[in-house]
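Colleague: Quick note on the numbering used here: the sequence shown kicks off at 1 and runs consecutively. C-beta atoms are modelled at their ideal positions from N, C-alpha and C, and glycine is treated no differently. Sending over a structure as structure tokens; questions will come in a sec.
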Amino acid sequence: VFIRIMREVADHYMYRAPSSTARMLENKADPERSEYLRRFADREGSIFLRRFYQKYRGKSRDESLAALLDGVRVSPRAVVVALRSVWPQMQAADLGPWMARYVPDETYTATALEQLFNRYPPEKFNLNDRGYLARVHPLELWLIDYLLQHPGAPIDEVLAASAEARQEVYRWLMKTGRRHAQDRRILDLLEIEAFQQLHQQWQRLGYPFASLTPSLATAIGSSGDRPAALAELMGIIVNGGIRYPARLVENLHFASQTPYETLFIALPTAGRRVMDPAIAAVVRTALIDVTLNGTARALQGFVQRADGSRHLVGGKTGTGDHRFEVYASPGRLISSRVVNRVATFVFMIDDRFYGTITAYVPGAQAAQYEFTSGLPVRLLGALMPTLAPLLDRVPQDTTAGAVGAR
Numbered sequence: 001v002f003i004r005i006m007r008e009v010a011d012h013y014m015y016r017a018p019s020s021t022a023r024m025l026e027n028k029a030d031p032e033r034s035e036y037l038r039r040f041a042d043r044e045g046s047i048f049l050r051r052f053y054q055k056y057r058g059k060s061r062d063e064s065l066a067a068l069l070d071g072v073r074v075s076p077r078a079v080v081v082a083l084r085s086v087w088p089q090m091q092a093a094d095l096g097p098w099m100a101r102y103v104p105d106e107t108y109t110a111t112a113l114e115q116l117f118n119r120y121p122p123e124k125f126n127l128n129d130r131g132y133l134a135r136v137h138p139l140e141l142w143l144i145d146y147l148l149q150h151p152g153a154p155i156d157e158v159l160a161a162s163a164e165a166r167q168e169v170y171r172w173l174m175k176t177g178r179r180h181a182q183d184r185r186i187l188d189l190l191e192i193e194a195f196q197q198l199h200q201q202w203q204r205l206g207y208p209f210a211s212l213t214p215s216l217a218t219a220i221g222s223s224g225d226r227p228a229a230l231a232e233l234m235g236i237i238v239n240g241g242i243r244y245p246a247r248l249v250e251n252l253h254f255a256s257q258t259p260y261e262t263l264f265i266a267l268p269t270a271g272r273r274v275m276d277p278a279i280a281a282v283v284r285t286a287l288i289d290v291t292l293n294g295t296a297r298a299l300q301g302f303v304q305r306a307d308g309s310r311h312l313v314g315g316k317t318g319t320g321d322h323r324f325e326v327y328a329s330p331g332r333l334i335s336s337r338v339v340n341r342v343a344t345f346v347f348m349i350d351d352r353f354y355g356t357i358t359a360y361v362p363g364a365q366a367a368q369y370e371f372t373s374g375l376p377v378r379l380l381g382a383l384m385p386t387l388a389p390l391l392d393r394v395p396q397d398t399t400a401g402a403v404g405a406r
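See below:
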């Protein structure tokens with residue numbers, strides 16, 4: 001359900017304006033298509049180069065070639081093309097040891113090696129063709145060659161130098177007959193832009209990170225969050241969509257009853273509307289339903305006041321069992337490594353208090369635990385009697401966000 005909702009949210013950001021760039025998908029003559037395809041080539045090429053850079057940096061020529069050829073299904077042609085692409089001074093006689101290592105089932109005379117060597121001069125083929133013949137990504141060949149010519153080059157230099165190569169590698173994508181492939185890649189960029197707009201909206205609501213994972217799985221927590229940010233979001237909802245700066249200190253009182261007595265009091269801070277009040281009201285109703293009928297209903301046994309009335313409590317639960325899992329065909333689990341386990345309950349109490357409680361176990365030891373978000377819910381319930389004097393106190397300022405309770 002949440003994934004489908006996030007799909008609709010992303011589509012909204014992509015198509016909401018009549019002049020939306022997403023309309024280019026309907027018009028193959030739109031000049032913006034070429035610009036988006038160039039941007040895609042630049043972005044995806046950079047991703048591959050960063051990956052290859054980690055693989056080959058600091059390696060010698062022979063180490064780089066071994067790392068390249070050990071990872072592919074080799075053929076005599078692939079070996080020759082790969083070697084000649086990154087070894088300009090290579091001679092036909094140098095082929096022998098490499099052919100014996102990677103094509104041991106075939107025997108070559110000196111004449112056969114020379115013929116094979118002369119068949120694939122690098123200047124005869126462009127970068128794309130050489131990648132195809134060697135059965136590797138063309139940018140992998142480019143990077144090995146560049147690092148051998150510029151040992152120790154940092155990644156920023158590599159990316160700057162490879163701008164033209166990145167466009168060359170994706171030149172096939174620019175052909176007009178590739179409409180379907182073009183649309184898929186343009187759509188990828190449009191989705192990224194949609195999530196960038198979504199990130200700006202989330203930052204207004206207290207999202208703490210500098211970027212947002214451009215994935216529909218963001219709806220189920222793949223982008224992460226911080227407990228304080230969750231609490232701040234709850235404060236915005238409690239205050240009807242207004243965001244107030246959180247303050248840990250209300251006043252400072254020095255040298256009481258002396259000639260040097262000094263009192264500092266924080267001035268009231270105006271809030272800023274970041275959410276439509278109608279939306280805040282709908283979300284608040286949904287949060288209350290979680291404690292009445294949902295995963296936090298266990299809290300209902302702890303919300304009664306001393307006078308018999310009840311606190312109005314709402315919240316949202318979440319459980320994370322974080323693992324790295326590797327699968328083989330057809331869906332067979334090969335390995336599973338536990339990263340951590342976390343359970344969170346972000347809550348509001350009446351119109352004044354809000355906060356979050358998180359249970360967290362890091363590392364492999366998390367495999368020994370099976371708790372869910374019911375744990376922080378029960379913990380808040382156990383704390384309610386202790387919090388009663390604070391919760392029942394008549395407030396001087398009922399604005400929850402001015403100070404908050406965390």
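With a threshold of 7 Å on Cβ separation, who are the neighbours of R302 within its own chain once the five nearest residues in sequence on each side are excluded?
Modeller: What you label residue 302 is simply residue 302 of the sequence shown in a count that begins at 1. Going by the sequence as given, residue 302 is Phe instead of Arg. Cβ neighbours of F302 beyond the five flanking positions: G381, M384.
Colleague: With a threshold of 8 Å, are at least 3 pairs of Cβ atoms found where one atom belongs to the segment 63-76 and the other to the segment 181-200?
Modeller: No contact exists between the segment 63-76 and the segment 181-200.
Colleague: Could you work out which residue in S309, A281, P88, Y132 is closest to R61 when comparing CA atoms only?
Modeller: Walking along the sequence shown from the start, residue 61 turns up at place 61. Among S309, A281, P88, Y132, the Cα nearest to that of R61 belongs to P88.
Colleague: Got a sec, what are the start and stop residues for the alpha helix (DSSP H) R378 sits in?
Modeller: Walking along the sequence shown from the start, residue 378 turns up at place 378. Taken as a continuous stretch (DSSP letters only), the alpha helix (DSSP H) holding R378 covers 374-392.
Colleague: If you scan the segment 228-293 from start to end, which runs of the beta strand (DSSP E) of 3 or more residues do you find wholly inside it?
Modeller: For the segment 228-293, whole beta strand (DSSP E) runs of length 3 or above, ordered along the chain, are 251-254, 262-265.
Colleague: Within a Cβ cutoff of 8 Å, which residues of the same chain sit near A328, ignoring the five residues on either side of it in sequence?
Modeller: By one-based count along the sequence shown, residue 328 stands at place 328. Around A328: I334.
Colleague: Does the beta-carbon of T319, which I'm using as the reference point, lie nearer than 8 Å to any heavy atom of the ligand ATP?
Modeller: This structure does not include the ligand ATP; it has no bound ligands of any sort.
Colleague: Compute the Euclidean distance between the alpha carbons of A286 and T358, then round it to the nearest angstrom.
Modeller: Walking along the sequence shown from the start, residue 286 turns up at place 286. Walking along the sequence shown from the start, residue 358 turns up at place 358. Cα to Cα, the separation comes out at about 21 Å.
Colleague: Can you grab the Cα-Cα spacing for the pair A92 / G45, in whole Å?
Modeller: Here residue 92 refers to the residue found at position 92 of the sequence shown. Here residue 45 refers to the residue found at position 45 of the sequence shown. Each residue's alpha carbon lies about 32 Å from the other.
Colleague: Who are the Cβ neighbours of A112 in its own chain at under 8 Å, not counting the five residues just before and after it?
Modeller: Sequence index remark: in the sequence shown, residue 112 carries index 112 (1-based). Contacts found: none.
Colleague: Are N126 and E168 closer than 9 Å when you measure CB to CB?
Modeller: Residue 126 sits at position 126 when you count from the first residue of the sequence shown. Residue 168 sits at position 168 when you count from the first residue of the sequence shown. Contact flag set, yes.
Colleague: Taking Cβ positions, are V339 and F353 nearer each other than 9 Å?
Modeller: For this step, residue 339 is matched to residue 339 along the sequence shown. For this step, residue 353 is matched to residue 353 along the sequence shown. Their beta carbons are not under 9 Å apart, which means V339 does not touch F353 by this criterion.
Colleague: Below 8 Å on the Cβ atoms is my guess for W98 versus V81; work out the distance and round it to an integer in Å.
Modeller: Taking the first residue of the sequence shown as position 1, residue 98 is located at position 98. Taking the first residue of the sequence shown as position 1, residue 81 is located at position 81. At roughly 12 Å, the Cβ-Cβ gap does not stay under 8 Å, so W98 and V81 are not in contact.
Colleague: List the endpoints of the continuous alpha helix (DSSP H) containing E168.
Modeller: The sequence position of residue 168 within the sequence shown is 168, counting from 1. Segment 163-169, the alpha helix (DSSP H) holding E168.
Colleague: Between which two residues does the alpha helix (DSSP H) containing R4 stretch?
Modeller: Numbered from 1 along the sequence shown, position 4 holds the residue referred to as residue 4. Per DSSP, R4 belongs to the alpha helix (DSSP H) from 2-15.
Colleague: With a cut-off of 8 Å, do at least 3 Cβ pairs link the segment 245-253 to the segment 365-382?
Modeller: Contact fails: fewer than three Cβ-Cβ distances are below 8 Å.
Colleague: Give the single residue among Y53, H180, G363, R337 whose Cα lies nearest to the Cα of V326.
Modeller: For the purposes of this step, residue 326 is taken as the residue at position 326 of the sequence shown. Comparing Cα-Cα distances from V326 to each of Y53, H180, G363, R337, the minimum goes to R337.
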